[in-house]
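Peer 1:
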Amino acid sequence: MSRDVQTDIANVFSRMELNRRHMVASSLAAAGFALAVQPIGAATVSTDTSGLDAGAVKIPVGDQTIPGYRAMPAKGGPFPVILVVQEIFGVHEHIKDVCRRFAKQGYFAIAPEMYYRQGDVSKLKSIDEIRPIVAKVPDEQVMGDLDAAVEFAQKSGKGDVAKLGITGFCWGGRIVWLYAAHSKQLKAGVAWYGRLVGDPTENQPKHPVNIAADLNTPVLGLYGGKDQGIPLETVEQMRTALKKAKVPSEIVVYPDSPHAFFADYRPSYVEADAKDAWQKALAWFKKNGVA
1 MSRDVQTDIA
11 NVFSRMELNR
21 RHMVASSLAA
31 AGFALAVQPI
41 GAATVSTDTS
51 GLDAGAVKIP
61 VGDQTIPGYR
71 AMPAKGGPFP
81 VILVVQEIFG
91 VHEHIKDVCR
101 RFAKQGYFAI
111 APEMYYRQGD
121 VSKLKSIDEI
131 RPIVAKVPDE
141 QVMGDLDAAV
151 EFAQKSGKGD
161 VAKLGITGFC
171 WGGRIVWLYA
181 AHSKQLKAGV
191 AWYGRLVGDP
201 TENQPKHPVN
211 IAADLNTPVL
221 GLYGGKDQGI
231 PLETVEQMRT
241 ALKKAKVPSE
251 IVVYPDSPHA
261 FFADYRPSYV
271 EADAKDAWQK
281 ALAWFKKNGV
291 A
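Each residue of the sequence shown is one higher than the last, beginning at 1 in full-length UniProt numbering.
(1) For a minimum of 3 consecutive residues, which ranges assigned as the beta strand (DSSP E) are wholly contained in the region 44–117?
(2) Out of Tyr223, Gly76, Tyr265, which one is the CA nearest neighbour of glycine 168?
(3) Who are isoleucine 127's beta bridge partners in DSSP?
(4) Since phenylalanine 285 is in the alpha helix (DSSP H), which residue starts that stretch and which ends it?
(5) Decide yes or no for the touch test of the region 56–73 against the region 97–108: beta carbon pairs closer than 8 Å, at least 3 of them.
(6) Could you pull out every unbroken beta strand (DSSP E) segment of at least 3 residues lying fully inside the region 179–229, listed in chain order?
(7) State yes or no: is the C-beta of aspartate 128 within less than 8 Å of the C-beta of threonine 47?
(8) May I have the straight-line CA-CA distance separating glycine 165 from phenylalanine 262, to the nearest angstrom?
(9) Can you name the start and end residues of the beta strand (DSSP E) that aspartate 160 belongs to?
(10) Give the single residue among Glu113, Val81, Ile82 whose Cα lies nearest to the Cα of glutamate 93.
(11) Cα separation between lysine 184 and valine 142?
(12) Pick helix, strand or coil for valine 150, following the three-state DSSP scheme.
(13) Whole angstroms are fine: how far does the CA of glutamate 250 sit from the CA of lysine 280?
(14) Report the CB separation of residue 295 from lysine 158 in whole angstroms; it is logged as a contact under 8 Å.
(15) Among the residues of its own chain, which have a CB less than 8 Å from the CB of isoleucine 211, if the five just before and after it don't count?
(16) Pull up the CB-CB distance for tyrosine 116 and proline 67, whole angstroms please, since I reckon it's below 8 Å.
(17) Relative to the C-alpha of aspartate 53, which candidate in Pro255, Ala109, Ile95 has its C-alpha closest?
(18) Closer than 7 Å: is that where the CB of leucine 83 sits relative to any heavy atom of the ligand FAD?
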């Protein structure tokens with residue numbers, strides 16, 4: 001076989017591989033991943049629904065409802081409850097997969113759509129389009145919607161809210177700290193690279209560093225040492241503030257990880273640190289009565 005023919009064959013297979021990757025990325029995006037984060041990474045984890053009851057739900061809030069996603073074991077219950085708070089990109093496929101991962105561990109996991117009243121970010125392709133919508137979401141509304149999700153879990157008969165935990169990512173990481181100061185029912189929280197300091201606004205009047213002393217429950221913070229959006233000096237500010245807290249919380253920093261190191265569908269994913277942090281999160285919940 002001539003060298004030219006070998007080259008042509010190699011080029012054909014190269015194009016086939018590129019087309020395959022494009023088709024995989026396209027199918028993953030169609031499955032509901034954040035359009036603002038493309039292409040979808042090759043390391044994306046997909047947790048099946050075998051042995052689970054998983055799908056969309058409507059959560060009553062006052063005289064209306066908000067959409068959400070819920071996953072739990074198909075048999076048994078009631079199960080300890082984990083509130084899963086979305087990234088800035090909303091309740092997309094990665095957040096739903098996290099719910100399924102918790103369900104595989106024996107939890108009733110529920111992720112309410114936190115921006116439902118302000119707008120649908122799932123179709124937006126730019127973070128600059130998403131930020132103005134997110135800025136309109138009041139913290140007070142978020143706290144109320146999370147309370148409603150807890151009530152939904154309790155009334156379903158499948159959620160044991162005496163064993164209540166919360167976890168959140170990026171935008172949702174900040175919310176975890178706030179909810180730990182808001183809720184009297186909560187047993188434990190795990191905050192993934194959530195912003196800790198910031199200027200007050202009408203909709204976001206306080207940040208985690210401002211409410212550290214008011215935490216009702218212990219929170220595990222998981223952060224990246226190379227997170228350009230959350231400087232290590234702000235992490236140290238939070239550690240200092242936590243010394244005044246009524247309950248012992250903890251922050252773990254992964255020195256070589258960037259922001260969103262757990263997001264396996266994004267280029268920021270760091271597999272070793274993500275797996276270690278996931279085990280720490282599960283252990284934290286069990287240690288603090290959410291199991």
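Just so you know, even glycine gets a beta-carbon here, dropped at the ideal spot from N, CA and C. The structure displayed is predicted, hence computed values, not measured ones.
Peer 2: Quick answer:
(1) Runs of the beta strand (DSSP E) inside the region 44–117: 52–61, 64–73, 79–85, 108–112.
(2) Its Cα nearest to that of glycine 168, the residue Tyr223 stands out among Tyr223, Gly76, Tyr265.
(3) Per DSSP, none; premise fails for isoleucine 127.
(4) Its alpha helix (DSSP H) spans residues 271–287.
(5) The region 56–73, when compared against the region 97–108, does touch it at the 8 Å Cβ threshold.
(6) Runs of the beta strand (DSSP E) inside the region 179–229: 188–192, 219–224.
(7) Judged by their CB atoms, aspartate 128 and threonine 47 are not nearer to each other than the 8 Å cut-off.
(8) Their backbone Cα atoms lie some 19 Å apart in a straight line.
(9) For aspartate 160, the enclosing beta strand (DSSP E) has its first and last residue at 159–169.
(10) Closest by alpha carbon: Glu113.
(11) About 16 Å.
(12) It is helical.
(13) Their Cα atoms are separated by approximately 11 Å.
(14) As displayed, the chain neither begins before 1 nor continues past 291, which places residue 295 out of reach and without an answer.
(15) Closer than 8 Å at Cβ, skipping near neighbours: Trp177, Leu178, Ala181.
(16) 6 Å between Cβ atoms; contact.
(17) The shortest CA-to-CA distance from aspartate 53 to any of Pro255, Ala109, Ile95 is the one to Ala109.
(18) Among the components of this structure there are no ligands whatsoever, and the ligand FAD is therefore not found.
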